[in-house]
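Beneath this line is the structure, given in structure tokens, with notes to follow.
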Amino acid sequence: MGKRYYCDYCDKSFADNPVNRKNHLRGVIHNKMRKLHYDSFRDPGTILAEDETKLPCKRFYNTGSCDYGDGCRFSHMTEEKRQELLKQIEEENKLAERKTQEDMEQKQLTLDDWLAKKCKTVSSVKVEEVPQFSLPQALRNIPNIPPSLLPPKFEDFQNTDPVEWG
Ligand SMILES: [Zn+2]
Ligand SMILES: [Zn+2]
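What the sequence shown shows, in the UniProt record's numbering, is residues 1 to 166, in sequence order.
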């Protein structure tokens, strides 16, 4: 059995050879399926705008269905579907607006503000606020622990010169 070509858009497979492939990829059905696939990623605004350029599908509105389905070149838009799309657009706009507002608030806090706030916190810090360090259980019974392993005390922080970075 030879290799088979599987087309994701059409959910169909056939013997893989250049002629079959070319015929399939040029086929009406394949191109309709491909368009449908990409259409499902379009935003509601684009769908509505494109729908307005289409004439209403007589078959769809007279009989309630049309064999071309979503691939029909005439409009199948219903009032219900239109309202749903409009609601989606409204929600997306609201979300975008909220995001812009948050971005603006973030920008207002400049680096200087942040540093000023930080410095203030450090100088006004109280003894109770400093975390208490204690020696881990495993080290408690070891004599002559090197100073670098000893837990720091509050005074140690008070008497250090701030290190200049960079
Ligand atoms: Zn296909
Ligand atoms: Zn139609």
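Just so you know, even glycine gets a beta-carbon here, dropped at the ideal spot from N, CA and C.
Item	Value
Among H76, D113, E52 and R4, nearest to T63 - alpha-carbon criterion	H76
Check: I29 C-beta below 8 Å from any heavy atom of ligand 1	yes
Within the stretch 93-158, ranges of the alpha helix (DSSP H) (whole runs, at least 4 residues)	111-123 and 154-158
Top-ranked residue by Cα proximity to D16, from Y9, G2 and G27	G2
Euclidean distance between Cα positions of L150 and D156	12 Å
Whole-angstrom distance between A49 and E84, CA atom to CA atom	14 Å
Interface flag, N62 vs chain C, CB-CB below 9 Å	Absent here is chain C; the protein component of the structure consists of one chain.
Inter-stretch contact at 8 Å, needing at least 3 Cβ pairs: the stretch 32-50 / the stretch 7-24	yes
Beta carbon of I47 nearer than 9 Å to that of D39	yes
Candidates F154, C119 and W114, of which the one nearest P131 by Cα	F154
Distance CB(V23)-CB(Y5) smaller than 9 Å	One detail in the question is off: residue 23 reads as Asn in this sequence, not Val. For N23 and Y5, no; Cβs fall outside 9 Å.
L86 to P44 span [Cα, whole Å]	7 Å
Exposed unless 16 or more other CB atoms sit within 10 angstroms - verdict on F133	exposed
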